[in-house]
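The UniProt record's numbering puts the first residue of the sequence shown at 1, with every later residue one more than the last.
By construction, the Cβ of each residue, glycine as well, lies at the ideal position given by its N, Cα and C atoms.
Below you'll find the structure, written out as structure tokens, and then a few comments.
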Amino acid sequence: MSISMRPSQALRLWQQVMLAQVRDGEPDLTMRQTAILFTIYLDPPPHTVRGLAARLNVTKPVITRALDTMGALKLVSRHRDELDKRNVLIRRTVEGALFVERFGDGIVAKAHELPI
């Protein structure tokens, strides 16, 4: 499905979604953390630190720091790969799935409020 939006409408939508996140007391994620979280939840697993770093074109320590924050918020969990102990697998959590679902619902709700 394709929708047509002017840049000003897209920016207004993004602003309204971000304002709702702040007002609702949702976890305060950076843009990078949000991109990592959405990649974990929207792209099929498995997800590794190495794979996420390559996908986002950042270093592994950048991914690790973001995962530290998201892990503390229970949005993701990390586990050693039993087949290759060098790899760390990132797994989805119920809390993370609910956060992403609420975020998506918020986007849809705010999009409906946009003037035509």
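| How about L75 and T93: do their beta carbons lie closer than 8 angstroms? | yes
| query | Looking only at its own chain, which residues have a Cβ that is under 7 angstroms from the Cβ of I40, when we skip the five neighbours before and after it? | reply | H47, V76, I90, R92
| query | Three or more beta-carbon pairs under 8 angstroms between the region 21–38 and the region 80–88, yes or no? | reply | no
| Extent of the continuous alpha helix (DSSP H) to which I36 belongs | Run containing I36: 31–42, per the alpha helix (DSSP H) assignment.
| request: Using DSSP bridges, identify the partner residues of L67. | output: Paired residue(s): none; L67 is not in a bridge.
| task | Just mark M18 as buried or exposed, buried being the case when its beta carbon has 16 or more other beta carbons within 10 Å. | result | exposed
| task | Look up R55 in the DSSP assignment and say whether it is helix, strand or coil. | result | helix
| Which same chain residues, not among the five before or five after V58, have their C-beta less than 7 angstroms away from its C-beta? | none
| said: Please identify the residue among D105, A97, I107 whose C-alpha is closest to the C-alpha of L42. | reply: A97
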